[in-house]
Structure formats: C-alpha cells, structure tokens
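Residue numbers (my numbering), protein chains in the order written: chain A, 917 to 1221; chain B, 917 to 1221.
Using N, Cα and C, we set each Cβ at its ideal position, and we do this for glycine too.
In this text the structure is predicted, and so the values were computed from the model without any measurement.
Down below is the structure, laid out as structure tokens.
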C-alpha cells in the first residue's frame, strides 16, 4: 500500500437538481478525490480553504484517515464556492456562479514529507500550478495523473500541454477530450491526447461510463446501472479517487490493474451520485464497495462457450 | 444451427451524413437484419417490395444464402422509401420523408414451410402485423424477438402492449425505451418494459453500445470503438441480425449465450456504420467478424488479480 498525494480544490457547493438542493455543502475536486481514495490507501491532501470553512468538514476528512496537514487556511479568506444546477439531463451541469476566493491565490507549497509520495493526483486546477507541484517532487512519483477542464483548455492551453508531457495518466470528460484534441471522434481524440504525453488516457463519459486508452489498447467500462441518480456533482473526482486509490493500494501501474482501477473508480462514483455532496460516501461501508465491484464485474462479463 | 425467420421492411433509403450522401440505396429493417444474420445461420425473409425494386438487390441477399422466397413483389407498386439526414451528432437521424408505398398494404402471409421456424424476429413494423405473424406460427418458436419505434409506441400502443406479452426479447433504442416505459431512468425503464412481457430487454444506445436486462441481471456492452462512423442507418437492425443470427446458429437461448449474442450484434453493427447502406457488409469476410469479436472481448475484459 503506497501513499497518495492529491493537490486540488476544496469547495463549498450550492447545487440544485430536479430532486432537491443544498447550499454551501462540502465539495471540491480534492475533497471528493480524497474521501473516495481513503477507502483504499493513505491520502495526503494539499488544498486551501478560507476562515469560513467549517471545522466539521475537516474532521470528516481526518476521520477517514485523510492527512489534512496540507490543508491550509487563509486567515480572513473565503472558501472557493461553486453554484450550479442540473436539469433532468444530469450529464450536463449549468454553472450559475464561481467565486474563486482563496483559490485565486493558491500556490501549493508541498511540505517536505510529501515531496516523495509515490502516487500523485493533480486535480483540476490551473495547469501552471499542476506543473509547479510536479516540479516540487523530490522523487519522480511512480504514477502521476492529472485532471483538467474546458476553462484551462481554452485559457491556459500552452501550460496544459507542457504539464501533459510529464504526466502518466489524464482523466478528462468526453466533451473536454474532444475540445482538447480538436477532434469530434472520441477514439481519435483519445489517441491524439495520448500523443501529447500521457500513456494512459481515461475519458469520463458520465452515465455512459469510461473509456481508457492504455498502451494502444482500448478498455470501455459502463457506468454502474443506477435506478436513481440524485446529484452527479463530484462523480468525476470520486471516480479518479477510486481509480488512483486502488492503484496506490496495490502499488500497481500495469494495464490489468488499470482496468480494475477503472472498475473501482466507477463503483465509487456510483455511490457519490446517489446523494448530494459526500453524503452517500459518509454512509458507505467497505463491504458495500466490495459487493458493487463484484456486481460490476458481472455486469460486463462475457464467457466464451 | 437453426433457421431464423424475419418479417419486416425492405426499403430504398436516401441518406445524407456529413460525409456524403446516397439516393435510393438498399435499406430496410429486414434487409440489414437478414444480411447480418446470414453470416451465422440460414435466414428466411418475409417482406414486400414494389415493381421498382432492383433485381440486383434481391440477388445480393440471395447470394448470401438468404431465402428470399417470402419477398413478395407488388405489381405496379413502389418500394417503401425513407429519406433522412444526420448532423455531426450521428446518434440522431432527422427523417425528411417517409413514403410507405407497398408497405402500407403489407399483410404478411407466411408460406407453410416458414410456420415452424424456431427463431423469429419481428422487425420494426405495425405491431398488429407483428401479432398476426406470431399467430400464423404453427409451432411456437423457441425464441421470438421484436423491435419497435416511437411511431408505434404513440399510435398503436395497445397493439404493441398485446404483442409484447407474447415475445421473449425486445430490442429498442434508449429514447424509445424511456418513451415506452414513461420513465426517464433507463434502468427503471428496462425493468418496466420487462414487466410488460419480454424476459429479455435489449436497449440499443447508439455510440454508447447496448444494455440488456435478462433474468433480473443487467449486462452492459460498449459500442465497438471506431475511428470513423460514416452512416449509422441500419445499425440497430444489423445489431439485431447479429444478435439473433448468433443465437440461432448456436440454437441457444441461455443468458451466457445472450451476452455473446450482444457482442456479435455489436460487432456486426460496427461494420454497417463504416459505410453507406449495406456496402461495408457486402465487403465483409467472416475472418473480420472473428477478429473484431476477439477485439471486442478484449475491450471489456477485466481480470481479477
């Protein structure tokens, strides 16, 4: 079991879906990632929050064994906030408001102890910061994965391309994969992104699951079939947490493990979307994960005659 | 190897996609179905065409061993025509014109020899005709599958529900599954459709593959990843042809075979969309099918550690 470092955002989200709404609920890419990964390995979190960030949220993460020493509080600052809503097509979030607050001046400075963690996830933040974090690592991690979004693809393309050359894995959603590659066909887009650096390209397709290109081979996993999806916020970051958490727990980077990691990521995401914020994850028992992983394998199993 | 009977439409399609167009090209649900299934078993086709239907098309089907004795020509009649187009989102066809022509007065009358064929596919036609065909069977087939569409769900719902009570398998696309069930969640929609009669519900999801509910268990298969999709017309019927053709060839109806049948259906559909009309299928070698089936298995294979 190897340690896993994540650098990203911790947020307070206000989300409305057709099934309800929450205000200032715990959110953020690094939050979902850490919490999900904590079921598999020891997670070290580096992020920033404001003075308004509830202590209960910190205790929630610490309670799962997440190392929160790298969670810095900016005195007088306000926590990053995201306000969004979903219609019945839960695949598409509409952003109503983004207040960067303390995230605007976030300059991650890794504590010395974290500069040789073997598994690193650069959650969705400014690619210049992602590169800066990578530069701070004293030992090149065994596996570096990165997530990004349309905003950076448009506004910081050069920096994104630079950091992409140095990572092993990219996780990205389908629309953003097409945008990054400038290619409407998803298969060609994945290949084009692989040519930018990452040996492993993981495309997140929301309710349609995930597609992975690794060493020239494609792997396609469905989303776990759910009878009710409540709020998709955080599904992608939870997926990444399950994916990287599984790999770190096995100290693996091989292709077969990558496939099992996709299954674990998909399973973790399937829990997150069953409730607002991290609510479902906070009620999650390890046995439920194991049961759903087994069900997931059955879901895609084809036996030869 | 058991015989497979299909009753459905044979058409002349005019289709425009961003990649080209064809006029009065060979199409129709029973055509795609027969041609695809002919790679696996003996297919008996029952359909109707007009006097304008090119003899070369009949020879094409007969050349693949499809029994065309049940393809009746209406003297003086015109063949069913469909005119449609696709934008870059190839998942959605826009119908520009439908001329039923001889299909409007189609009353399938099964030759005596076909009234005991053990595998039956009721392609997308009026559910009253589908029920009538089923009534004509002297021996209840081992497996009866049916396809339908939004038009019948709206205009002939009672008849559709009646025939659904008597079939084993339904193949239906995702939007139509939601419509038939009156349920936006696809998993619940599949369960609701299963409760209407069919023990096996196969939901076709275009570029996202297929989902099957069989004996309470879900199976989810991706679409074969293609670098270029040229024209999706006929993909669903080709899928059904590969699915039913495989089952008939193995004389199987068990759940494991159903899963392999989904893979074969998906593989056959992946060829159809690579060119207009049946063009790709007419150039298809059995070895290509085998290779793509093997690749498809690899695409979804997860090995336990």
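Its chain contains 1006, 1007, 1089, 1090, 1139, 1148 and 1151 as the residues whose beta carbon lies nearer than 8 Å to that of residue 1122 of chain A, once the 5 sequence neighbours on both sides are disregarded; these appear in chain order. Using a C-beta cut-off of 8 Å, the region 1093 to 1113 of chain A makes no contact with the region 1170 to 1187 of chain B, since fewer than three inter-stretch Cβ pairs fall below that distance. Put simply, of A:1067, A:1038, A:1043 and A:1021 the residue whose alpha carbon is nearest the alpha carbon of residue 1057 of chain A is A:1038. Residue 1040 of chain A is not a Cβ neighbour of residue 1157 of chain A, given a cutoff of 8 Å. Secondary structure of residue 1041 of chain B (DSSP, three-state): coil. Under the Cβ criterion of 8 Å, residue 1144 of chain B is counted among the residues facing chain A. Contact of residue 1136 of chain B with chain A is assigned, a C-beta pair being separated by under 8 Å.
Exclusion of the five residues before and after residue 1013 of chain A leaves 999 as the residues of its chain whose Cβ lies within less than 6 Å of its Cβ. According to the DSSP secondary-structure assignment, residue 1032 of chain B is paired through a beta bridge with no residue. Put simply, the backbone Cα of residue 969 of chain A is about 48 Å away from that of residue 1117 of chain B. Put simply, the backbone Cα of residue 1136 of chain B is about 15 Å away from that of residue 1178 of chain A.
In the DSSP assignment, residue 1164 of chain B falls within the unbroken alpha helix (DSSP H) covering 1151 to 1166. By the rule that beta-carbons nearer than 8 Å mark a contact, residue 1213 of chain A touches chain B. DSSP places residue 1006 of chain A in the coil class of the three-state scheme, outside both helix and strand. In the structure shown, the three-state DSSP call for residue 1174 of chain B is helix. Note on geometry: alpha-carbon atoms of residue 1073 of chain A and residue 961 of chain A lie some 26 Å from one another.
Counting the other Cβ atoms within 10 Å of the Cβ of residue 984 of chain A gives 16 or more, which makes it buried.
For residue 1111 of chain B, no beta strand (DSSP E) segment is defined, and its DSSP state is neither H nor E. Counting along the chain, the unbroken beta strand (DSSP E) around residue 1133 of chain B starts and ends at 1133 to 1137. In this structure, the beta-carbon distance from residue 1044 of chain A to residue 1075 of chain A falls below 8 Å. A Cβ of chain A is located within less than 8 Å of the beta carbon of residue 1175 of chain B.
Look at the region 960 to 996 of chain A and you find these whole runs of beta strand (DSSP E), each 3 residues long or longer: 983 to 990.
Listed by position along chain A, the residues whose Cβ is nearer than 7 Å to that of residue 1171 of chain B form an empty set, because the closest Cβ is around 10 Å away. Annotated three-state conformation of residue 1048 of chain A is helix, per DSSP. In this structure, residue 944 of chain B sits away from residue 931 of chain B, with a CB-CB distance that is not shorter than 8 Å. With fewer than 16 other CB atoms across the displayed protein chains lying within 10 angstroms of its CB, residue 1214 of chain A is exposed.
Counting along the chain, no alpha helix (DSSP H) covers residue 1194 of chain B, and no H or E run does either. Put simply, the CB of residue 948 of chain B is far from chain A, with every gap to its CB atoms at 8 Å or more. Under DSSP, residue 932 of chain B takes part in a beta bridge, and its partners are B:937 and B:1001. Residue 1052 of chain B is a Cβ neighbour of residue 1026 of chain B, given a cutoff of 8 Å. Taking a Cβ-Cβ cut-off of 8 Å, the neighbours of residue 1216 of chain B in chain A comprise 1135, 1136, 1137, 1216 and 1218, given in sequence order.
Look at residue 918 of chain B here: in three-state DSSP terms it is coil, with no helix or strand label. Taking a beta-carbon distance threshold of 8 Å, residue 1103 of chain A counts as an interface residue toward chain B. Between residue 1115 of chain A and residue 1079 of chain A, the CB-CB gap reaches or exceeds 8 Å. In the DSSP assignment, residue 1096 of chain B falls outside any beta strand (DSSP E) and lies within the alpha helix (DSSP H) extending over 1090 to 1097. By the Cβ neighbour-count rule, residue 1175 of chain A is buried, with 16 or more other Cβ atoms within 10 Å of its own.
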